[in-house]
Structures are given as structure tokens and as C-alpha cells.
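Colleague:
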Amino acid sequence: MRFKDKVVFVTGAASGIGRAICLAFAKEGAKVVLADILEEEGVVTVSEIKASGGVAYFIKLDVSSQAGWGAAIDFALDKCGQINILINNAGISGTAFNNVLDDVGWERLMSINAGGAFLGTHFVVPVMQQNGGGVIINMSSISAIIGQSNVHFAYNASKASLRILSKSTAVQFGRDGIRCCSIHPGLMEPMRTSGNVRDPAIRAKFLERVPLGRTGVAEDVVKPVLFLASDDASYITGIELYVDGGYLAG
Ligand SMILES: NC(=O)c1ccc[n+]([C@@H]2O[C@H](COP(=O)([O-])OP(=O)(O)OC[C@H]3O[C@@H](n4cnc5c(N)ncnc54)[C@H](O)[C@@H]3O)[C@@H](O)[C@H]2O)c1
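Add 3 to a position in the sequence shown, counting from 1, and you land on the number used in my numbering.
Given below as C-alpha cells:
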């Protein structure tokens, strides 16, 4: 029970990696606040956590909305009294837009993937400063490190901004007891918003460059997230952790 009585706020919590993160934190004793635009799926996950004896709440949140964040943080504080860990995980795919020069794509990717994490940081840092510290984990990608074809470059730009946002958060708020790191998954199961990356031929080509020779699953990301959020990582901050089967090593 590494997270007994800790309060964890997770965005993009209704599906995929975010949902798996919520289940894992709850299993380790945390109170989990699930935030997502998908209410039905979020509520189902909350029921699942409660059925296995955990504590969880759902709040509908579009992470690109400043007003939405304000209300969601008020909700979390009202229900749980504090926020110890923030997981900025919500995101949309860089293959959601066919044209990599699409300006609407730029706005959406930057406001959700990058802006959402900034707003989370904006609202949660003062709460953590008052509590005497906390941990923020930003879900980036290998797309933060390399250029890629067929991916809207706002995906790369938004994920790269999370990499440096994490380091700046670590540097600026370390003395408040706040740690912050970024996680960089590689080839995983497609996102809900994925486009061409679902194509088996594209996936097979990608996989050829993954030294461990397999696609990552949510659990591969969950364990590093829990490690970085735990006291086992108490002297680790500002790092970027690649969870990519060795892709970036090649
Ligand atoms: N799946 C991959 O291949 C992969 C690889 C590297 C990084 N990532 C990153 O991991 C994170 C989780 O992705 P996933 O694979 O679980 O995908 P997913 O599509 O299953 O989950 C993303 C979640 O974010 C939510 N979301 C989207 N827009 C939102 C908004 N405006 N406000 C609130 N919630 C919103 C979605 O509803 C969904 O529940 C994302 O940040 C993604 O960029 C994924």
C-alpha cells in the first residue's frame, strides 16, 4: 500500500493508459480523482474501483478549459482535502489529422496536449505548495525527442513542450518539495483518436525498430509512473523516462 491516503488526480482517466494508472493507484491505497471528457467510461471505472474496495471520484473535465480546471480542482479538494499527485495524461493523437500542416490540428493538439498539462500545473502547484510538496508526472512520448513522418508536428511540439515543462517545474518548485518528471511511451496500443498509425503495415514497420520486438501495453507505463510518484523516487526529479522497448536507443 505505497499510496495509502494519498490523493491522485489523473487526466485522460477514462480509457487506455490513464484508466490503467487509476486502477493501479487505487489498488495501492490512493484516493483517485478521475478526470476526462468521457463521462460514461469514467463513471464505469469509478464503479470498478469502488467494487474492489477503493475510493474514487469522477469529474468531467476538458483539460483545455481553464474554468473547467478550476471547478475540477475545487471538486477534488472538496472530496479529498488535498492533491498529492497529479498525472497529466490526457491527450489526442498526432495522427488524428490527415494534413500535418492543418492549423486546426495545431490549435487542438497544442491546447489539449500541452495547454492541458500547463493548466493542471497552474492549478495544482499552489495546492502542493500549501501541502508541503507533491509529485507531477507529465505523459509525453518518444515524439518529444524525434521528428516523425505522418504525424502532425504539433503532436511532436506538444509532447516536447511537456518534456521541458517538467524540467522547469522540477527546477522552479523543487524547494517546495514538488518533484516533476516526464514519461515517454513508444509504440503502444493505438489511442482512441489514432488515424494512420492503426494501419498494420505502418505498425509492422515501426516494430522493426523496437529492440525488444513488441508493442508496449498500458502496464509497461503504469509501473514506471507509480515508481516515479512514490517515495522510492524521492531524489528523482526533472528526468525524462523512456518506456519504448529501446526504440530511442537505436
Ligand atoms: N498510445 C500510444 O501509442 C501512446 C504513445 C506515446 C504516448 N502516449 C500518450 O499517452 C497518453 C494516454 O494515451 P492512451 O494511449 O491511453 O490513449 P487514449 O486515447 O486511450 O486515452 C486518452 C484519454 O484522454 C482523454 N482526453 C482526450 N482529450 C481530452 C480533453 N480535452 N480533456 C480531457 N480528457 C481528454 C480521452 O477521452 C481518453 O480517455 C496520451 O497523452 C498519449 O499522447 C500514447
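Glycine is no exception: its CB is placed at the ideal position from the N, C-alpha and C atoms.
Using CA coordinates, which residue listed in 197, 248, 250 and 231 is at the minimum distance from residue 241?
Modeller: Nearest option by C-alpha distance: 231.
Colleague: Is the separation between the beta-carbon of residue 130 and that of residue 88 shorter than 8 Å?
Modeller: Not a contact, by the Cβ cut-off of 8 Å.
Colleague: Residue range of the beta strand (DSSP E) that residue 38 falls in?
Modeller: Start and end: 34 to 39.
Colleague: By alpha-carbon positions, which one of 10, 51 and 25 ends up nearest to residue 79?
Modeller: Cα-wise, what sits closest to residue 79 is 10.
Colleague: With a threshold of 7 Å (Cβ to nearest heavy atom), would residue 93 be considered close to ligand 1?
Modeller: Yes, ligand 1 has a heavy atom inside 7 Å of this Cβ.
Colleague: If contacts are defined as beta-carbon pairs under 8 Å, then residue 149 and residue 245 qualify, I think. What distance do you get, rounded to the angstrom?
Modeller: That belief does not hold up - the Cβ atoms of residue 149 and residue 245 are roughly 11 Å apart, past 8 Å.
Colleague: DSSP has residue 138 in a bridge; who is on the other side?
Modeller: Paired residues: 88 and 182.
Colleague: Nearest to residue 8 by CA position, among 233, 228 and 101, is which residue?
Modeller: Nearest C-alpha to residue 8: 233.
Colleague: Any contact of the segment 161 to 173 with the segment 117 to 133, i.e. 3+ C-beta pairs under 8 Å?
Modeller: Yes, they touch.
Colleague: Return helix, strand or coil for residue 244, following the three-state DSSP convention.
Modeller: Note: residue 244 maps to strand in three-state DSSP.
Colleague: Measure the alpha-carbon distance for residue 201 versus residue 217 and round it to whole angstroms.
Modeller: Going by the C-alpha atoms only, they are around 15 Å apart.
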